[in-house]
Amino acid sequence: MDRIRIRGGAPLNGLIPISGAKNAALPLMIASLLTADTLELGNVPRLADISSLLRIMSNFGVDHSIAGRRPGQSSETGQTIRLTAKNVIDTTAPYELVSTMRASFWVIAPLVARFGHAKVSMPGGCAIGTRPVDLLIMALAKLGAVIEIEAGYVVATAPKGLRGAEIDFPKVTVGGTHVALMAATLAQGTTVIRNAAREPEVVDLAECLIKMGAKIQGAGSSEIVIEGVTSLHGASHDVMPDRIETGTYAMAVAMTGGDLVLDNTRPDYLQAALDVLGQAGAEVTPTHGGIRIRRNGNGLQPVDVTTDPFPGFPTDLQAQFMALMTRANGTSRIRETIFENRFMHVQELARLGAQIRLDGDSAYVDGVPGLKGAPVMATDLRASVSLVIAGLVADGETTINRVYHLDRGFESLEAKLARCGALIERVRG
Numbered sequence: 173m174d175r176i177r178i179r180g181g182a183p184l185n186g187l188i189p190i191s192g193a194k195n196a197a198l199p200l201m202i203a204s205l206l207t208a209d210t211l212e213l214g215n216v217p218r219l220a221d222i223s224s225l226l227r228i229m230s231n232f233g234v235d236h237s238i239a240g241r242r243p244g245q246s247s248e249t250g251q252t253i254r255l256t257a258k259n260v261i262d263t264t265a266p267y268e269l270v271s272t273m274r275a276s277f278w279v280i281a282p283l284v285a286r287f288g289h290a291k292v293s294m295p296g297g298c299a300i301g302t303r304p305v306d307l308l309i310m311a312l313a314k315l316g317a318v319i320e321i322e323a324g325y326v327v328a329t330a331p332k333g334l335r336g337a338e339i340d341f342p343k344v345t346v347g348g349t350h351v352a353l354m355a356a357t358l359a360q361g362t363t364v365i366r367n368a369a370r371e372p373e374v375v376d377l378a379e380c381l382i383k384m385g386a387k388i389q390g391a392g393s394s395e396i397v398i399e400g401v402t403s404l405h406g407a408s409h410d411v412m413p414d415r416i417e418t419g420t421y422a423m424a425v426a427m428t429g430g431d432l433v434l435d436n437t438r439p440d441y442l443q444a445a446l447d448v449l450g451q452a453g454a455e456v457t458p459t460h461g462g463i464r465i466r467r468n469g470n471g472l473q474p475v476d477v478t479t480d481p482f483p484g485f486p487t488d489l490q491a492q493f494m495a496l497m498t499r500a501n502g503t504s505r506i507r508e509t510i511f512e513n514r515f516m517h518v519q520e521l522a523r524l525g526a527q528i529r530l531d532g533d534s535a536y537v538d539g540v541p542g543l544k545g546a547p548v549m550a551t552d553l554r555a556s557v558s559l560v561i562a563g564l565v566a567d568g569e570t571t572i573n574r575v576y577h578l579d580r581g582f583e584s585l586e587a588k589l590a591r592c593g594a595l596i597e598r599v600r601g
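Those letters in the sequence shown? Residues 173 to 601, by my numbering.
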């Protein structure tokens, strides 16, 4: 099993190209099931979760091809994937495939919308709380699907097709919004989604579906209206930049000091997080193609944050921000309102010398003068990268175990950081 080894103390200077967003690429790939034509997706990151979803899609009979490298492309440049769901031979997604990644459950929406039947295993793939799928199932039921639970599988049927409906989510759900959006494109009549997720990844999916012939209004607001169509066609679409990767590297340079340009990204995708970094003492400047983050000499100030759905502070940057606050001059409070059980990185940060107290949904972080390197263990995707951020400033050597979590969501992480001066390397297991 691979490990990441870091010697702390080096500032970060230079340029990091931001990859395509995993959280946008996955629903976009799933949307290819809505049409018999080819969907071409550019700027797709090279990640373990992308490969896992390709295996699931192949199991249905979806053909895919990955374009070869073009002039000017590197292993860090997004790849182009073409998906063709013309000859779908199976609408069952088995446990052994779905259990590796929760987002693969979303295949239930296009399958039942286009073919009238889907049998998908209840998901696994994440250690962060329960993350139930009840709201996703509720959305499909509202659209007229008959839902049955059989031996750990959700079976959805709609032999006469789905029907437009009003879907009122009791709480904001990104997965639920993705599912409702995809299913409603082929439903008969009008669908209204209220309390819809406003995340940029939802907008990216909607823009791709519109290119495929869907009639969608209001994506990016809390009310989305979809006029169903009888069929969708092929399209070409580039995956949006990864706002979580952007925020992660922004917090890394705020931690180490230095001057970093994050290229191929957009500040408006993570403005709440950038505002918090500014309050903590980093200098944040938009550039022509991205964001410049600088911190030279001045200490870090404690900032209180509460995670919220977009446009609030993202839960997927909570662990990274906690790592940053371990070196602040004072105490910060970090409140997690999206997921329970998302403080598993606390005990690993404590092994590096962090002083953190937990009280319900809040973590109180007392900044310390320095961290000390130690062996630590990744527990989930975002927690693992918080340990990288802490290791970049810890005295001595930090070794991070179980880095397969990192490979699920960060493309070429150690290469991107090393090129900007970090003393970081992968040790093959």
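We put the CB at the ideal spot given by N, CA and C, even for glycine.
If you're wondering where the values come from, they're calculated on a predicted model, not measured in any experiment.
Residue i: CB within 7 Å of a non-hydrogen atom of the ligand ATP
i: L211; result: In the structure shown, the ligand ATP is absent, as is every other ligand, since no ligand is present at all.
Which of helix, strand or coil DSSP assigns to residue i
i: P183; result: coil
i: A535; result: strand
i: I626; result: Lying outside 173 to 601, the shown extent of the chain, residue 626 is not represented and no answer is given.
i: V599; result: strand
i: A290; result: strand
i: S204; result: helix
i: I188; result: strand
i: F482; result: coil
i: S271; result: coil
i: V548; result: strand
i: V364; result: strand
i: A495; result: helix
i: R175; result: strand
i: N573; result: strand
i: P199; result: helix
i: R529; result: strand
i: G462; result: strand
i: R438; result: coil
i: T402; result: coil
i: S558; result: helix
i: R580; result: helix
i: T509; result: coil
i: R514; result: coil
i: V284; result: helix
i: V540; result: coil
i: L211; result: strand
i: L255; result: strand
i: A299; result: Confidence at A299 is low in this model, with a pLDDT of 45, below 50, so the placement of that residue should be treated as unreliable; the coordinate-derived value is given next. Residue state, collapsed to three classes: coil.
i: V477; result: strand
i: V397; result: strand
Buried versus exposed, by CB contacts within 10 Å (16 or more), residue i
i: V599; result: exposed
i: V318; result: exposed
i: I572; result: buried
i: T420; result: buried
i: I300; result: In this prediction, I300 has a pLDDT of 39, which is less than 50 and means its spatial position is unreliable; what the coordinates show is noted afterwards. It counts as buried.
i: K314; result: buried
i: K343; result: exposed
i: T551; result: buried
i: G237; result: It should be pointed out that residue 237 corresponds to Ser in this sequence rather than to Gly. Under this definition S237 is an exposed residue.
i: K258; result: exposed
i: R467; result: buried
i: M173; result: exposed
i: K332; result: exposed
i: Q451; result: exposed
i: R242; result: exposed
i: L530; result: exposed
i: S224; result: buried
Under 8 Å between C-beta atoms of residue i and residue j
i: C592; j: I222; result: no
i: H350; j: L377; result: yes
i: A328; j: I280; result: yes
i: V518; j: A196; result: no
i: N501; j: G539; result: yes
i: G563; j: G181; result: no
i: S384; j: A285; result: Residue identity differs from the one stated: residue 384 is Met in this sequence, not Ser. No. Outside cutoff.
i: D209; j: H405; result: yes
i: A444; j: F485; result: yes
i: T479; j: Q490; result: yes
i: T357; j: I398; result: yes
i: F482; j: R370; result: yes
i: T570; j: V537; result: no
i: L255; j: M201; result: yes
i: L472; j: L446; result: no
Length at least 4, wholly inside the region 404-429: the alpha helix (DSSP H) runs in chain order = Here the runs fully enclosed are 415-428.
Touching by the beta-carbon criterion (3+ pairs, under 8 Å), the region 443-460 and the region 311-328 = They do not touch, by the three-pair rule.
Residue ranges of each alpha helix (DSSP H) run of no fewer than 4 residues wholly in the region 213-248, ordered along the chain?
-> DSSP runs (the alpha helix (DSSP H)) wholly in the region 213-248: 220-232.
Check whether the region 389-406 touches the region 424-438, counting contact only when three or more Cβ pairs, one atom from each stretch, lie closer than 8 Å.
-> The region 389-406 vs the region 424-438: no contact.
Determine contact between the region 576-589 and the region 523-540, defined as no fewer than three beta-carbon pairs at a distance below 8 Å.
-> Short answer: they don't touch.
Quick one: any contact between the region 199-207 and the region 280-296, if contact means 3 or more CB pairs under 8 Å?
-> Look at the beta carbons and you see the region 199-207 touching the region 280-296: at least three pairs across the two are nearer than 8 Å.
Going along the chain, which unbroken runs of the alpha helix (DSSP H) with 4 or more residues stay wholly within the region 363-394?
-> DSSP runs (the alpha helix (DSSP H)) wholly in the region 363-394: 372-383.
At 3 residues or longer, and completely inside the region 301-357: list those beta strand (DSSP E) runs for me, N to C.
-> The qualifying runs are 318-322, 325-329 and 338-340.
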